[in-house]
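Student:
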Amino acid sequence: MSESVTLALAILVLPITAFVVQVFAGRFLPRQGDFIPTGAMFVALLLACKLFFVDVLFGGGLEPSSWSINWFDLTRPDGAGFSIDFGIMVDNLTAIMLIVVTGVSFLVYLYSIGYMHGEDRYNRFFAYLSLFSFSMLGLILVDNLLFMFIFWELVGVCSYFLIGFYFQKPSAADAAKKAFLTNRVGDLGFLLSLMIILFVVGSLAIDDVFESVRMSPQTGLWTAGLLSVAGVLLFFGPVGKSAQFPLHVWLPDAMEGPTPVSALIHAATMVAAGVYLVARMFPFFAGPGFWDGDFYSGTPLLVVALVGGFTALFAATIAIAQDDIKKVLAYSTISQLGFMMLGIGTGSWTAGLFHLFTHAFFKALLFLGSGSVIHAVHSNDMKEMGGLRAKMPITFATFLIGTLAIAGVPFLFSGFYSKEAVLTQAMAFGLFKGGVLAWLPFVLGTLAAGLTAFYMFRIIFMTFVGEPRDRHRFDHAHESPLSMTAPLMILAVVSVVSAGFIGLGGHWFENRIDGIFEPYGLEMAVMEGEAASHDLVATLGALPAEEGAHGEAHAGAAHEFHGAHERAHTPTMVVSILVALLGIALSWVFFAPGGPMRGYEVKGLLARYRTVLVNLYYVDRAYSKFVVAPIMALRVVCALFDKYVIDGLVNLGGWIGRALARVAGVVDHQGVDGSVRGTGALFLMGGRSLRKVQTGRLPDYIFATVLLLFVIFVGFLFFL
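Each residue of the sequence shown is one higher than the last, beginning at 4 in the working numbering.
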């Protein structure tokens, strides 16, 4: 077992150990044992830092390694069947995801010590956090789709516990159920895809799945249609887990959970799981063309790009009309997740994961910052805030840094580089493919980027700047304790510093993460310059003759796409800067103190559109009317059917049974028992009659004997 695998196993074991200790002994420990999960996650973070900084950042990257143990074997003697192994794999991608999950989780744990102090079920809250982190870490590390699905579902169960932590509130209980059930819809597609993969491949190991796709042109295992169906069904899972349209409706309601839960779910764990799955399974979504360098036209990837682009813009428009600070951030999360999907769907898993990496830290910062504000003013409504910059300078400064990062302000903030990478990829996709459909992801992403800057600075102007709108809340507001502000400061520093070694460091992220698919036959580095095309040709030349000949035609496509990428880089950078500045400027015009349009009351068509946004495009109402209401009506119909048909048939059977029992009783009593009683009575009567013959007088016996002999004699004569 390699050192990296050993460290990964230790990282996985730590939170589940903390969960067990917290469940059975937490309430008996000082401070209800909050230091157990927090300490365990801190140790996990240190181990993840070793993998990330020592091995990946400064060590030139991890050599992919794995470990597995057989779970069960259903192979018959003739070789048919399959076996399932539990295994983990460690590469650059897992190292990057481990630092994200453990880093954000530890800061959320630390923040929760101050935020959740004095809450009922305090020890249970930290137990849930530990199980949640264990589930997400397991999802990242496993090398088998079945176990990925198991951890995927465990993440969903934990989200149910955490979103519904205040289960005594009907709204929180409803939000937990909504999140759980909505995700089950997407997970049904995930499960169906696993069934197809198992039927075709005979294995759910990721290596085996990739190999089956790579060899399908020769083996015929996968047809183009079947692979597309399996890929789209697999994407259903991320649509639910990463809150893509139309299964996005659960995420805003998840705000009913404690604010640290919002940060944990929306920043680095649950919602990132869907993006991670699409990135990890990229060769499967791309199809056999992945190994030929032509994965820009795969149907599943195009679906991913279009769904992601639409979700990014759709959620961003809703965010501009929300007054609940956490709801704005919730729709912002949906929008940014769409951005990540857009990057992956247009052919760059590096751009999508790059934005996942940067977003995890600045979105955690923003959610924890909003929690600090809510903790101070005891309200989520931005219309009751204002002027808090004076009362909460640390919260304001750190929240502003997070806002600048997510808005894509150049050049000191990490969000600028990751957004620019996604938009560059989207523009290159449009240049390379041509046509309205190919350009649609770039247009949607650009509009979403501008709206992001607009609604985020709306939060700044309504919450921290200007005069307080509620003097009572303002007078009682105060800066949060160090246990809450320390994580904010750390995340703020990361949001700035990460820009240095990622953005300014020569595309470090892309260089590290591009190699994750090397074990599967091809290093996809088509964004790295002229050498990429040469490497691609060299790789294809190393393949068997027929495969090399098949692939060389696509080497030119990879080279052409690289040219499109180079042409897109500068225009995209200019566009991304302009839309960010335009969004900030418009936000200042409408919401800043002294802004020329501040307090402007929208009228006419804009007012009607704002009503549509406030009502969330009526999607939730549509679900209530066309999905929930029919199900509830069907529930009533089923109840009536059960009562009057099923129960009626059962009751009828019971009545018939009772009637038959009564008839059987009569037959038994009068017939069977009557026959027995009649026979006995007959013999008794005969006995009583015969008893009279026994007189005890000799003349009577002689007379009877003579009479009997006479009768016999007469009968003998008669028959003769």
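Beta carbons are placed, not taken as given, at the ideal position from N, Cα and C, and that holds for glycine.
#1: Between which two residues does the beta strand (DSSP E) containing Gly90 stretch?
#2: Which residue's Cα is closest to the Cα of Leu250: Val675, Leu280 and Val622?
#3: Let me check you understand the geometry: is the CB of Ala595 closer than 7 Å to at least one non-hydrogen atom of the ligand NAP?
#4: Go ahead and label Gln428 buried or exposed: buried means 16 or more other beta carbons lie within 10 angstroms of its beta carbon, across all protein chains shown.
#5: Assign Val425 to one of two classes, buried (16 or more other C-beta atoms within 10 Å of its C-beta) or exposed (fewer than that).
#6: With H, G and I counted as helix, E and B as strand and the rest as coil, what does DSSP make of Trp225?
#7: Could you spell out where the beta strand (DSSP E) holding Phe75 opens and where it closes?
#8: Under the assumption that Ala28 contacts Pro40 (Cβ atoms under 8 Å), give the Cβ distance between them as a whole number of angstroms.
#9: Roughly how many whole angstroms lie between the Cα atoms of Leu17 and Ala51?
#10: With Ser5 and Ser68 assumed to form a contact (beta carbons below 8 Å), what rounded beta-carbon distance in angstroms separates them?
#11: Provide the residue span of the alpha helix (DSSP H) that contains Ala410, from first to last.
#12: Taking the alpha-carbon positions, what's the Ile397 to Ala595 distance?
#13: How should Asn95 be labelled, buried or exposed, when 16 other C-beta atoms within 10 angstroms of its C-beta is the threshold for buried?
#14: Are the segment 328-336 and the segment 445-459 in contact at 8 Å, needing three or more beta carbon pairs?
#15: With 16 as the cutoff for other CB atoms within 10 Å, does Tyr603 come out buried or exposed?
#16: Compute the Euclidean distance between the alpha carbons of Lys422 and Ala451, then round it to the nearest angstrom.
#17: Which class does Glu533 belong to by DSSP, given the choice of helix, strand or coil?
#18: Is the distance from the Cβ of Ser115 to the Cβ of Met44 below 8 Å?
#19: Assuming Val216 contacts Gly290 (C-beta within less than 8 Å), just tell me the rounded distance between them.
#20: Go ahead and pull the three-state DSSP assignment for Val605.
#21: Can you round the beta-carbon distance between Phe55 and Ser71 to whole angstroms, since I take them to be within the 8 Å contact cut?
#22: Count the other C-beta atoms from every protein chain shown that fall within 10 angstroms of the C-beta of Gln35, then say buried if there are 16 or more, exposed otherwise.
#23: In terms of residue numbering, what span does the alpha helix (DSSP H) encompassing Gln247 cover?
#24: Between the alpha carbons of Thr262 and Ser86, how many angstroms are there, rounded?
#25: Kindly confirm or deny that the segment 115-128 and the segment 143-155 touch, where touching means at least three C-beta pairs closer than 8 Å.
#26: I'd like the span of the alpha helix (DSSP H) that includes Lys181, first residue to last.
#27: My guess is that Ser196 and Met273 are in contact by the Cβ rule of under 8 Å, so how many angstroms apart are they, rounded?
#28: Of the residues Gly189, Trp225, Met119 and Ala308, which one's Cα is nearest the Cα of Phe202?
#29: Taking the alpha-carbon positions, what's the Trp658 to Tyr647 distance?
#30: Does DSSP put Asn654 in a helix, in a strand, or in coil?
#31: Counting only runs of 4+ residues fully inside the segment 654-699, write out the alpha helix (DSSP H) ranges in chain order.
#32: Do Ser245 and Gly223 count as a contact pair if the criterion is CB distance below 8 Å?
#33: Which of helix, strand or coil does DSSP assign to Ala324?
#34: Pull up the DSSP beta-bridge partners for Asn147, would you.
#35: Could you give the distance in angstroms between the alpha-carbon of Leu440 and the alpha-carbon of Val235?
#36: Using the rule of at least 16 other Cβ atoms within 10 Å of the residue's Cβ for burial, across every protein chain shown, is Ser7 buried or exposed?
Tutor: Concretely, from the data shown:
#1: Ser86 to Val93
#2: Val622
#3: For the structure depicted, the ligand NAP is absent and the ligand set is empty, with no information on it obtainable.
#4: buried
#5: buried
#6: coil
#7: Ser68 to Asp76
#8: About 12 Å separates the two Cβ atoms, so there is no contact after all.
#9: 12 Å
#10: 4 Å
#11: Pro396 to Ala410
#12: 20 Å
#13: So Asn95 ends up on the buried side.
#14: yes
#15: exposed
#16: 11 Å
#17: Residue placement at Glu533 cannot be trusted, given a pLDDT of 35 that sits under 50; what the coordinates show is reported in the next sentence. Correct three-state label for Glu533: helix.
#18: Taking 8 Å as the Cβ cut-off, Ser115 and Met44 do not qualify as a contacting pair.
#19: Contact holds; Cβ gap of about 6 Å.
#20: Shown here, Val605 sits in coil according to DSSP, grouped into three states, outside any helix or strand.
#21: Wrong, their Cβ atoms sit about 23 Å apart, outside the cutoff.
#22: buried
#23: Neither: Gln247 is in no alpha helix (DSSP H) and is coded neither H nor E.
#24: 42 Å
#25: No: fewer than three Cβ pairs fall under 8 Å.
#26: Pro173 to Val204
#27: Going by Cβ atoms, the distance from Ser196 to Met273 rounds to 20 Å, so no, they are not a contact pair.
#28: Trp225
#29: 15 Å
#30: helix
#31: 676-694
#32: no
#33: coil
#34: Ala208
#35: 18 Å
#36: buried
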